[in-house]
Ligand code: AR6
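In UniProt numbering, the protein residues as written are 1 to 167.
Shown next, in the form of C-alpha cells:
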C-alpha cells in the first residue's frame with residue numbers, strides 16, 4: 001500500500017487524478033475549488049455546467065484540461081455545522097470511497113486528495129484526517145488496490161496532523 005503526504009498546491013501535481021473539494025453546484029468557488037478552476041481553465045466550468053451538480057458525499061469526474069493531472073474528481077464534503085456527528089463521519093467517508101471508486105473505474109494509478117471539508121466547510125482537521133486516512137486504507141485493502149494515494153496538504157496544521165497520523 002502506498003500512501004504519501006505531500007504539502008503542495010494540488011493544481012501542480014502530476015498524478016492521474018486530483019480530488020477537488022467542491023460544492024453541490026460544481027460551478028466553482030473559493031479555496032482549492034477556486035484554484036483548480038483557475039488553473040484548469042474555462043473549459044472545466046463549461047463541462048461542470050453539464051453535470052447537474054453533485055450531492056454531498058458523492059463524486060463526479062471530469063478531465064483535467066490545462067492541469068498536469070489527467071482527471072479531476074469533484075467531491076462534495078459535508079458542511080460541518082449542518083449535520084450530526086454521525087452524519088458528518090459517514091458523508092466525509094463517502095467522499096473518499098466514491099472518489100476512489102471513480103479513480104479505479106478510470107484506471108488511475110495515482111490519486112491526490114485535498115483535505116476535503118477542512119476549510120470553509122469547517123470540519124475539525126484532526127477528525128477529518130482520521131476519517132480520510134482510515135477510509136482510504138480500508139478501501140485499498142478491500143479492493144486489493146495498487147493505487148498510490150497522496151494526501152495533498154496545503155496548510156501547516158494539516159501537514160503536521162497527517163504526518164503524525166501516517167507514521
Ligand atoms: N491545493 C491544495 N489544497 C488547498 C489549496 C490548493 N491550491 N487551496 C486550499 N487548499 P476548502 P472545503 C486546502 O475551503 O472546506 C469552496 O469555495 C485548504 O487548506 O477549499 O471542502 C468550494 O466551492 C483546506 O485544507 O474546501 C466549496 O463551496 C482544504 O483545501 C467550499 O469551499 C479544503 O478547504 C468547500 O469547502
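For glycine and all other residues, C-beta sits at the position ideal for the given N, C-alpha and C.
Item, Value
"Going along the chain, which residues of its own chain have a beta-carbon closer than 6 Å to the beta-carbon of residue 8, five neighbours each way excluded?", "152"
"Tell me residue 95's beta-bridge partners as DSSP assigns them.", "Paired residue(s): none; residue 95 is not in a bridge."
"Roughly how many whole angstroms lie between the Cα atoms of residue 101 and residue 43?", "25 Å"
"What does the alpha-carbon distance come out to for the pair residue 46 and residue 67?", "15 Å"
"Looking at the secondary structure, which residues open and close the alpha helix (DSSP H) in which residue 61 lies?", "From DSSP, residue 61 is part of no alpha helix (DSSP H) but of the beta strand (DSSP E) over 59-63."
"Which partner residues does residue 111 have in the DSSP bridge list?", "17 and 149"
"Pull up the distance between the alpha-carbon of residue 143 and that of residue 97, whole angstroms please.", "11 Å"
"With DSSP run on the structure shown, which of helix, strand or coil describes residue 70?", "coil"
"Quick test of the definition: if touching needs 3 or more C-beta pairs under 8 Å, does the segment 45-61 touch the segment 22-36?", "yes"
"Over the uninterrupted beta strand (DSSP E) stretch that includes residue 5, give me the two end residues.", "3-7"
"Assuming residue 156 and residue 69 are in contact, meaning their beta carbons sit under 8 Å apart, how far apart are those beta carbons, in whole angstroms?", "Incorrect: roughly 24 Å between the Cβ atoms, too far for contact."
"Would you check whether the ligand AR6 has a heavy atom nearer than 8 Å to the C-beta of residue 116?", "yes"
"How would you call residue 99, buried or exposed, if buried means at least 16 neighbouring beta carbons within 10 angstroms?", "buried"
"Relative to the alpha-carbon of residue 115, which residue among 107, 138, 145 and 76 has its alpha-carbon at the smallest distance?", "76"
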